[in-house]
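> Taken in sequence, the protein lines are chains V and X.
Counted the way the numbering used here counts, the first sequence spans residues -6 to 207.
Counted the way the numbering used here counts, the second sequence spans residues 1002 to 1085.
Attaching a single structure in structure tokens format; questions to follow.
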Amino acid sequence: LPLRFDWRDKHVVTQVRNQQMCGGCWAFSVVGAVESAYAIKGKPLEDLSVQQVIDCSYNNYGCNGGSTLNALNWLNKTQVKLVRDSEYPFKAQNGLCLYFADTHSGFSIKGYSAHDFSDQEDEMAKALLTFGPLVGIVDAVSWQDYLGGIIQHHCSSGEANHAIIITGFDKTGSTPYWIVRNSWGSSWGVDGYAHVKMGDNTCGIADFVSAVFV
Amino acid sequence: GRSAAFARTGPRSREQQAAAFRESLNRHRYLNSLFPSENSTAVYGINQFSYLFPEEFKAVYLKSETSRFPKYSADLQTFISKLP
């Protein structure tokens, strides 16, 4: 493993987005992982539609909440093609699902994995290098007040409640940390990102980790 | 509780926002006081969510559900080898 790795350095991670007053972090994280997976495959990096996932993903509740696993399962089972964000823009509220013709261009997935990497964060780092940015679910109660630095206290792994994307890690300092993209806009945290201590499952970051295959 | 009221009543009174802000300032002082000398540890302070009570913040922004994920084991590598 390298001491430091960040998929942003490869220009395969889209800009930080803002979920506004919509509880759709689960959709932002899954769509972000699909965007990066295609960019790693050599496709142009572009924003795909989060609103499509919020409106159309069954077994989820749109802006009232949802599960990354159910969203990945829906994408895989239905083989729905995610369209560009410009064609189905985010409006921070639930809406009726818009369907597109099969001939319409879009991005589907070939599969996904979902694992508990707790106590195996080095293996999780290898998975990150292998598959691209990972979808995670953390307990983000203390993130309400986060400004910067490495989260290593006040963040238990008790009750995961917020979906994010893990784009990299940095082990060069005395406290290794995961580089985590959030969906609360770029003014929050470190340019929209959080740094979470690596190695002892801080915030439960290794408990619910998914990778997308395209 | 407050979060349910928040969800239902929409716009919040100035007093409520002020009370939430005061609570946030106290919380920041507490969070930053515990490990002041630890280098590069997280810093907590005023941001776009400081006007919300924690329950209100959670009611809107922390809405991801979880289910049990299988423990990672070597099968992930075999899973990859089976991918087309």
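Even glycine gets a Cβ: it sits at the ideal position worked out from N, Cα and C.
Quantities reported herein were computed from a predicted structural model and do not represent experimental measurements.
Return yes when the Cβ of residue 143 of chain V is within less than 8 angstroms of the Cβ of residue 1041 of chain X, no when it is not.
The residue given as residue 1041 of chain X occupies position 40 in the second sequence. The residue given as residue 143 of chain V occupies position 150 in the first sequence. Taking 8 angstroms as the Cβ cut-off, residue 1041 of chain X and residue 143 of chain V qualify as a contacting pair.
> Within 10 angstroms of its Cβ, does residue 1072 of chain X collect 16 or more other Cβ (buried), or is it exposed?
By one-based count along the second sequence, residue 1072 of chain X stands at place 71. By the 10 Å Cβ count, residue 1072 of chain X comes out exposed.
> Give a yes or no on contact between the stretch 46 to 57 of chain V and the stretch 102 to 117 of chain V, applying the rule of three or more CB pairs nearer than 8 angstroms.
Verdict: no, contact absent.
> What's the gap between the Cα of residue 60 of chain V and the Cα of residue 51 of chain V?
By 1-based counting over the first sequence, the position of residue 60 of chain V is 67. By 1-based counting over the first sequence, the position of residue 51 of chain V is 58. Going by the C-alpha atoms only, they are around 10 angstroms apart.
> In chain order, what residues of the same chain have a beta carbon less than 8 angstroms from the beta carbon of residue 132 of chain V, not counting five sequence neighbours either side?
Your numbering for residue 132 of chain V matches position 139 in the first sequence. Same-chain partners within the cutoff: 148, 149, 150, 151, 152, 153, 154, 155, 196, 197.
> Tell me whether residue 114 of chain V sits in a helix, a strand or coil according to DSSP, three-state version.
As a working note, residue 114 of chain V is residue 121 in the first sequence. The answer is helix: DSSP assigns residue 114 of chain V an H, G or I state.
> With a cut-off of 8 angstroms, does the C-beta of residue 114 of chain V fall near any C-beta of chain X?
Locating residue 114 of chain V in the first sequence gives position 121, where the first residue counts as 1. No, its Cβ sits nowhere closer than 8 angstroms to a Cβ of chain X.
> Assuming residue 1022 of chain X is part of the alpha helix (DSSP H), what are its boundary residues?
For the purposes of this step, residue 1022 of chain X is taken as the residue at position 21 of the second sequence. Residue 1022 of chain X -> alpha helix (DSSP H) spans 1015 to 1035.
> Is there a Cβ from chain V that is less than 8 angstroms from the Cβ of residue 1071 of chain X?
What you label residue 1071 of chain X is simply residue 70 of the second sequence in a count that begins at 1. Interface residue, yes.
> Under a Cβ-count criterion, where at least 16 other Cβ atoms within 10 Å of its own Cβ denotes burial, should residue 130 of chain V be classed as buried or exposed?
Counting from 1 along the first sequence, the entry for residue 130 of chain V is found at position 137. It counts as buried.
> Would you grab the beta carbon distance between residue 29 of chain V and residue 104 of chain V for me? Rounded to a whole angstrom, and I think it's under 8 angstroms.
Here residue 29 of chain V refers to the residue found at position 36 when the first sequence is read from its first residue. Here residue 104 of chain V refers to the residue found at position 111 when the first sequence is read from its first residue. Actually they are not in contact, since the Cβ atoms of residue 29 of chain V and residue 104 of chain V sit about 16 angstroms apart, beyond 8 angstroms.
> Please give me, in chain order, every unbroken run of the alpha helix (DSSP H) with length at least 4 that falls completely inside the stretch 79 to 162 of chain V.
Entirely contained in the stretch 79 to 162 of chain V, the alpha helix (DSSP H) runs reaching 4 residues are, in chain order, 114 to 124.
> Applying the criterion that 16 or more other CB atoms from any shown protein chain within 10 Å of the CB defines a buried residue, is residue 193 of chain V buried or exposed?
Taking the first sequence and counting its residues from 1, one reaches residue 193 of chain V at position 200. By the 10 Å Cβ count, residue 193 of chain V comes out exposed.
> Residue 1026 of chain X and residue 146 of chain V - do their beta-carbons sit closer together than 8 angstroms?
Along the first sequence, read from residue 1 onward, the residue named residue 146 of chain V stands at position 153. Along the second sequence, read from residue 1 onward, the residue named residue 1026 of chain X stands at position 25. Their beta carbons are not under 8 angstroms apart, which means residue 146 of chain V does not touch residue 1026 of chain X by this criterion.
> Closer than 9 angstroms, Cβ to Cβ, to anything on chain V: give me those residues from the stretch 1043 to 1066 of chain X, in chain order.
Those would be 1043, 1044, 1045, 1046, 1047, 1048, 1049, 1050, 1051, 1053, 1055, 1058, 1059, 1060, 1061, 1062, 1063, 1064, 1065, 1066, in chain order.
> Which word fits residue 1069 of chain X, buried or exposed, when buried means at least 16 other C-beta atoms lie within 10 angstroms of its C-beta?
Within the second sequence, the letter at position 68 stands for residue 1069 of chain X. Residue 1069 of chain X is exposed by the Cβ-count criterion.
> Excluding the 5 residues flanking residue 25 of chain V on each side, which residues of the same chain have their C-beta closer than 6 angstroms to its C-beta?
Along the first sequence, one-based indexing puts residue 25 of chain V at 32. Cβ within range, chain order: 158.
> Does the stretch 92 to 107 of chain V come into contact with the stretch 1 to 9 of chain V, if we say contact requires no fewer than three beta-carbon pairs (one atom in each stretch) closer than 8 angstroms?
Touching, no, given that fewer than three Cβ pairs across the two stretches are closer than 8 angstroms.
> Using the three-state DSSP reduction, which class does residue 0 of chain V fall into: helix, strand or coil?
Start at 1 with the first residue of the first sequence, and residue 0 of chain V comes out as number 7. Helix, per DSSP.
> With DSSP run on the structure shown, which of helix, strand or coil describes residue 52 of chain V?
As a first step, residue 52 of chain V must be located in the first sequence, where it is residue number 59. Coil.
> In this structure, does DSSP put residue 71 of chain V in helix, strand or coil?
As a working note, residue 71 of chain V is residue 78 in the first sequence. In the structure shown, residue 71 of chain V sits in a helix (DSSP, three-state: H, G or I).
> Can you tell me the Cβ-Cβ gap for residue 6 of chain V and residue 160 of chain V, rounded? I've got them flagged as a contact below 8 angstroms.
Translated into the one-based positions of the first sequence, residue 6 of chain V becomes position 13. Translated into the one-based positions of the first sequence, residue 160 of chain V becomes position 167. Between residue 160 of chain V and residue 6 of chain V the Cβ distance is about 5 angstroms, and since that is below 8 angstroms, they are a contact.
> Could you tell me which residues DSSP pairs with residue 1066 of chain X in its beta bridges?
Here residue 1066 of chain X refers to the residue found at position 65 of the second sequence. DSSP output for residue 1066 of chain X lists V/60 as bridge partner(s).
> Taking DSSP's pairing of strands, which residues face residue 170 of chain V in a bridge?
Taking the first sequence and counting its residues from 1, one reaches residue 170 of chain V at position 177. In the DSSP output, where bridge partners are listed per residue, residue 170 of chain V has V/163, V/190.
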